[in-house]
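This report concerns only the one structure given below.
Number of protein chains: 2
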Amino acid sequence: MELRAPIIYVVEPYGGSVRRHNPTLPLVYWDDAAVTRGDGIFETLLVRDGKVINLQRHLDRFRSSAHLLELPDPGNAQWAQATKEAVAEWSEHSESDATCVWTYTRGRESTGIPSAWLTLRGVNQKVLEQRRDGVKVMTAPRGYSITTTLPGVGKAEAKPAPWLTVGAKTLNYAANMAALRYARSKGLDDVIYLDPDSERILEGATSTVITVRKGKKLRTPYAAGDILPGTTQAAVFRYAETKGWRCKAKDMPVERLLDAESVWLVSSVRVATRVTAVDGVELPAPDNEDEIRKLINRALAAES
Amino acid sequence: MELRAPIIYVVEPYGGSVRRHNPTLPLVYWDDAAVTRGDGIFETLLVRDGKVINLQRHLDRFRSSAHLLELPDPGNAQWAQATKEAVAEWSEHSESDATCVWTYTRGRESTGIPSAWLTLRGVNQKVLEQRRDGVKVMTAPRGYSITTTLPGVGKAEAKPAPWLTVGAKTLNYAANMAALRYARSKGLDDVIYLDPDSERILEGATSTVITVRKGKKLRTPYAAGDILPGTTQAAVFRYAETKGWRCKAKDMPVERLLDAESVWLVSSVRVATRVTAVDGVELPAPDNEDEIRKLINRALAAES
Numbered sequence: 001m002e003l004r005a006p007i008i009y010v011v012e013p014y015g016g017s018v019r020r021h022n023p024t025l026p027l028v029y030w031d032d033a034a035v036t037r038g039d040g041i042f043e044t045l046l047v048r049d050g051k052v053i054n055l056q057r058h059l060d061r062f063r064s065s066a067h068l069l070e071l072p073d074p075g076n077a078q079w080a081q082a083t084k085e086a087v088a089e090w091s092e093h094s095e096s097d098a099t100c101v102w103t104y105t106r107g108r109e110s111t112g113i114p115s116a117w118l119t120l121r122g123v124n125q126k127v128l129e130q131r132r133d134g135v136k137v138m139t140a141p142r143g144y145s146i147t148t149t150l151p152g153v154g155k156a157e158a159k160p161a162p163w164l165t166v167g168a169k170t171l172n173y174a175a176n177m178a179a180l181r182y183a184r185s186k187g188l189d190d191v192i193y194l195d196p197d198s199e200r201i202l203e204g205a206t207s208t209v210i211t212v213r214k215g216k217k218l219r220t221p222y223a224a225g226d227i228l229p230g231t232t233q234a235a236v237f238r239y240a241e242t243k244g245w246r247c248k249a250k251d252m253p254v255e256r257l258l259d260a261e262s263v264w265l266v267s268s269v270r271v272a273t274r275v276t277a278v279d280g281v282e283l284p285a286p287d288n289e290d291e292i293r294k295l296i297n298r299a300l301a302a303e304s
Numbered sequence: 001m002e003l004r005a006p007i008i009y010v011v012e013p014y015g016g017s018v019r020r021h022n023p024t025l026p027l028v029y030w031d032d033a034a035v036t037r038g039d040g041i042f043e044t045l046l047v048r049d050g051k052v053i054n055l056q057r058h059l060d061r062f063r064s065s066a067h068l069l070e071l072p073d074p075g076n077a078q079w080a081q082a083t084k085e086a087v088a089e090w091s092e093h094s095e096s097d098a099t100c101v102w103t104y105t106r107g108r109e110s111t112g113i114p115s116a117w118l119t120l121r122g123v124n125q126k127v128l129e130q131r132r133d134g135v136k137v138m139t140a141p142r143g144y145s146i147t148t149t150l151p152g153v154g155k156a157e158a159k160p161a162p163w164l165t166v167g168a169k170t171l172n173y174a175a176n177m178a179a180l181r182y183a184r185s186k187g188l189d190d191v192i193y194l195d196p197d198s199e200r201i202l203e204g205a206t207s208t209v210i211t212v213r214k215g216k217k218l219r220t221p222y223a224a225g226d227i228l229p230g231t232t233q234a235a236v237f238r239y240a241e242t243k244g245w246r247c248k249a250k251d252m253p254v255e256r257l258l259d260a261e262s263v264w265l266v267s268s269v270r271v272a273t274r275v276t277a278v279d280g281v282e283l284p285a286p287d288n289e290d291e292i293r294k295l296i297n298r299a300l301a302a303e304s
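If you're matching them up, the sequences are chains G and Y in order.
Counting in the UniProt record's numbering, the first sequence runs from 1 upward without gaps.
Counting in the UniProt record's numbering, the second sequence runs from 1 upward without gaps.
Structure representation (C-alpha cells):
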C-alpha cells in the first residue's frame with residue numbers, strides 16, 4: 001500500500017507557472033465552480049515505470065471536454081510539462097504505479113479565471129485487488145435516456161441538447177458514485193449500464209467494456225453519444241490490431257456479456273479488470289486470461 | 001451592490017463546533033468529494049431583515065437530499081444555530097438582503113468524514129435586476145428523461161433508479177449552468193425545461209415555475225419525480241391560500257405559459273421574477289403585477 005503524501009501541482013491557466021501545493025492545506029476556494037456546481041472536467045492517468053501512459057489521448061479528451069463545456073482551452077504543453085515534473089518527483093521515491101488526476105474548473109466566481117491542478121499519488125489498494133481478482137458486476141439501466149429530438153431539429157441531425165455536455169468527462173459523477181454504492185450494498189463491485197430501452201450495453205460506472213470473443217475478436221459498445229470514449233480501450237484496440245486481433249465497436253445486447261470468452265472493464269488506472277460474474281451468473285476464467293491481461297498492459301506500455 | 005467579504009462558517013459534522021473561515025484562504029481539500037465528483041448537496045437561503053427565511057423547509061429538504069445521497073444526517077440544530085450567528089454578524093453591518101448557502105459533501109477521501117460549511121454574502125447585482133425587470137426565457141427539453149422502468153419492477157411501483165438521486169439538490173449542476181449559458185448566448189436570461197415527450201412544463205434551471213390564472217388561481221407543475229420540490233413555491237401556496245387564492249400543482253402543457261395572466265420564476269434569493277417573454281413571445285405585464293410580487297414577498301416574510 002502507498003502511504004506517501006500526494007504530489008499536488010497548481011497549474012496556472014493561460015500558460016502561467018506551475019507551483020507545488022502542500023497537500024495538508026486546503027486547495028480550493030469557497031466560490032470555485034467545482035465546489036458550488038461540479039462545473040469542471042478531469043482526466044485520470046496511469047503513471048508506470050517512471051512514465052505517464054497514453055498522454056496524447058488524455059490531452060485530446062481533456063481539451064475536447066473543455067470545449068464541450070465552453071471552458072477556455074486548457075492547453076497542451078503545460079499539462080504535459082507539469083505531469084512530467086510530478087512523475088519525475090514521484091519516481092525518485094517509488095517504482096509503484098501511481099494515479100495522476102488533472103482537474104480544470106470554471107474557477108472562482110469572484111475572478112472568473114479557471115482553476116487547474118494535478119494530483120499524483122499511489123494506486124488505491126482496492127484497485128490493485130480488483131486488477132488481480134476481477135470484479136462482480138450488476139447490469140443496470142443508466143436510469144435516464146438522452147433525448148436527441150430537440151424541437152426544430154430534423155431526425156437526420158438529431159443530437160443531444162448542447163447543455164448536456166455529452167461526451168465530456170465532467171465532475172458531475174455523483175450518480176455514478178451512487179450506482180457504485182448501490183452495487184456494493186448488494187455485495188458487488190461494479191455496474192455495467194444498459195440502455196433502458198434496448199438493453200444494449202453502454203459502459204461501466206467508471207470504465208469501458210471490452211468483450212473477448214472466439215477467433216481473436218475484441219468488441220466494445222459503439223459510442224453513440226451516450227458513452228464516454230475510452231482512452232484505454234482506444235489504446236488496446238490500436239495495439240491489438242497490430243497483433244492480429246480483429247477489433248470493432250458495435251451495438252451489443254446484454255447477452256453478449258454472457259456468451260463472450262471473457263469480459264473486461266478497462267480504465268486508465270484499473271487497467272484490465274476481468275468481470276467474474278454478471279448479475280449473479282459466474283463468468284469462468286478463460287484459458288487465455290493471462291494473455292489478455294498482458295495484451296492490455298502491453299498496449300498501454302506502447303503508449304508511454 | 002454589496003462588496004463586503006462573505007462570511008464563512010465551517011460546520012463540524014456530528015454536532016461539533018462551528019468556526020469562522022477566512023474567505024481569502026482556500027477552504028476545500030484536494031480529495032474532497034465535492035471537488036472530485038460533485039458529490040454533495042446544498043441549499044440556498046434568503047436572509048432578509050435580519051432573519052433567515054423559510055428555514056424549516058430548507059432544513060427539511062437538506063436532510064432529505066442527504067438521505068437520498070446516503071450521506072449521514074446533517075442534523076438540524078447546528079445548521080439553524082450557525083445560520084443564526086452568521087445572520088447576526090451580517091446584520092451588524094448591512095440591512096440588505098443576503099444569500100446564505102449551506103454545503104454538505106461526502107468529505108475527504110482520506111478521512112471519510114463529511115465536509116460542511118455555510119457562506120453568507122450580499123445578493124448578486126444581476127439577481128436584483130432580474131427581480132425588478134423580469135426575465136426573458138426559452139423553453140427547452142431538459143435533454144434527458146428519467147427512466148422509471150427498472151427491471152423486475154412492476155409498472156405500479158415504477159420509480160427512478162435509486163442512484164439518480166432524483167429530488168435531491170446535489171452539486172451536479174453543470175448541465176443547468178450550461179443551459180443558462182446557452183440561453184444567454186441567445187440574448188435570453190433563463191430556461192424553462194419541458195418534458196421531452198409530452199412537452200409539459202417542468203421547472204426553471206434554478207427555480208420553480210408558478211403561473212397566475214384568472215379567478216385568483218396559482219398553478220405550479222406537478223412534481224412527478226423529475227422536478228425539485230420548491231421551498232419558495234411551497235411557502236407561497238401556503239400563504240396565498242390563506243388570502244383566498246386557489247393553489248394547485250398539476251400537469252401543464254407548454255401553452256399554459258402563454259395563456260396565463262402572468263408567469264413567475266420563484267426561488268429563495270431571486271424571490272419573484274416575472275417572465276416577460278417566452279421563446280420570443282412577449283408576456284405583457286398584468287394589472288396585478290405589484291399585487292403578485294407583494295403576495296410572494298409577504299409569503300416569505302411569514303416564514304421568517
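Backbone N, C-alpha and C define an ideal beta-carbon position, used for all residues, glycine too.
As the structure is a prediction and not an experimental result, all values here were calculated from the model.
Beta strand (DSSP E) containing residue i: first to last residue?
i, result
"residue 190(Y)", "190-194"
"residue 132(Y)", "It is not in any beta strand (DSSP E) - residue 132(Y) instead sits in the alpha helix (DSSP H) that spans 125-133."
"residue 274(Y)", "271-278"
Go through its chain and collect everything with a Cβ distance to residue i's Cβ below 8 angstroms, but skip five positions before and after it.
i, result
"residue 19(G)", "9, 10 and 12"
"residue 243(G)", "295"
"residue 307(Y)", "Any answer about residue 307(Y) is impossible in this case: the structure gives chain Y only from 1 up to 304."
What are the boundary residues of the alpha helix (DSSP H) that includes residue i?
i, result
"residue 295(Y)", "289-301"
"residue 84(Y)", "77-91"
"residue 378(G)", "With chain G covering only 1 through 304, there is no way to say anything about residue 378(G)."
"residue 177(Y)", "174-185"
"residue 99(Y)", "First-last for residue 99(Y): 98-105, but that is the beta strand (DSSP E), not the alpha helix (DSSP H)."
"residue 36(G)", "33-37"
"residue 94(Y)", "That residue, residue 94(Y), is in no alpha helix (DSSP H); it is neither H nor E in DSSP."
Can you find the residues in the same chain that come closer than 7 angstroms, C-beta to C-beta, to residue i, ignoring five residues on each side of it along the sequence?
i, result
"residue 393(G)", "Nothing can be reported for residue 393(G): it is not among the residues displayed for chain G, which extend from 1 to 304."
"residue 68(G)", "165, 167 and 168"
"residue 82(Y)", "9, 11, 18 and 118"
"residue 261(Y)", "212, 213, 214 and 286"
"residue 204(G)", "190, 191, 192 and 265"
"residue 58(Y)", "43, 45 and 231"
"residue 176(G)", "205 and 206"
"residue 107(Y)", "32, 33, 113, 114 and 115"
Here's the rule: buried if 16 or more other CB atoms are within 10 angstroms of the residue's CB, otherwise exposed. What is residue i?
i, result
"residue 253(G)", "exposed"
"residue 36(G)", "buried"
"residue 271(G)", "buried"
"residue 125(Y)", "exposed"
"residue 230(Y)", "buried"
"residue 189(G)", "buried"
"residue 25(Y)", "exposed"
"residue 255(Y)", "exposed"
"residue 316(Y)", "As shown, chain Y starts at 1 and ends at 304. That puts residue 316(Y) outside it, with no answer to give."
"residue 65(Y)", "buried"
"residue 309(G)", "Any answer about residue 309(G) is impossible in this case: the structure gives chain G only from 1 up to 304."
"residue 111(Y)", "exposed"
CA-CA distance, residue i and residue j?
i, j, result
"residue 212(Y)", "residue 61(Y)", "25 angstroms"
"residue 119(G)", "residue 296(Y)", "48 angstroms"
"residue 135(G)", "residue 273(G)", "7 angstroms"
"residue 172(Y)", "residue 71(Y)", "15 angstroms"
"residue 251(Y)", "residue 194(Y)", "11 angstroms"
"residue 132(Y)", "residue 199(Y)", "29 angstroms"
"residue 41(Y)", "residue 115(Y)", "11 angstroms"
"residue 228(G)", "residue 201(G)", "13 angstroms"
"residue 130(Y)", "residue 180(Y)", "14 angstroms"
"residue 27(Y)", "residue 32(G)", "10 angstroms"
"residue 246(Y)", "residue 216(Y)", "6 angstroms"
"residue 55(Y)", "residue 99(Y)", "13 angstroms"
"residue 183(Y)", "residue 278(Y)", "12 angstroms"
"residue 101(G)", "residue 121(Y)", "32 angstroms"
If you drop the 5 nearest sequence neighbours on each side, which residues of the same chain put their C-beta closer than 6 angstroms to that of residue i?
i, result
"residue 46(Y)", "53, 268 and 269"
"residue 299(Y)", "235, 236 and 239"
"residue 23(Y)", "5, 6 and 8"
Is residue i a contact residue of the ligand MG, with contact defined as CB to any heavy atom under 8 angstroms?
i, result
"residue 114(G)", "What this structure holds is no ligand at all, so the ligand MG is not there to describe."
Contact list for the segment 231-261 of chain Y against chain G, Cβ threshold 7 angstroms
Within the segment 231-261 of chain Y, no residue has a Cβ that lies closer than 7 angstroms to any Cβ of chain G.
Going along the chain, which residues of the segment 129-143 of chain Y sit with their C-beta nearer than 8 angstroms to a C-beta in chain G?
Of all residues in the segment 129-143 of chain Y, 140, 141, 142 and 143 have a Cβ within less than 8 angstroms of some Cβ in chain G.
When you check each C-beta in the segment 11-34 of chain Y against every C-beta of chain G, which residues fall closer than 8 angstroms?
Within the segment 11-34 of chain Y, the residues whose Cβ lies closer than 8 angstroms to some Cβ of chain G are 21, 23, 25, 26, 27, 28, 29, 30, 31, 32, 33 and 34, listed in chain order.
Residues of the segment 169-192 of chain G in Cβ contact with chain Y at a cutoff of 7 angstroms, in chain order, please.
Answer in chain order: 170, 171, 172, 173, 174, 175, 177, 178, 179, 181 and 182.
What residues in the segment 46-73 of chain Y bring their beta carbon closer than 8 angstroms to a beta carbon of chain G?
The residues in question are 69 and 70.
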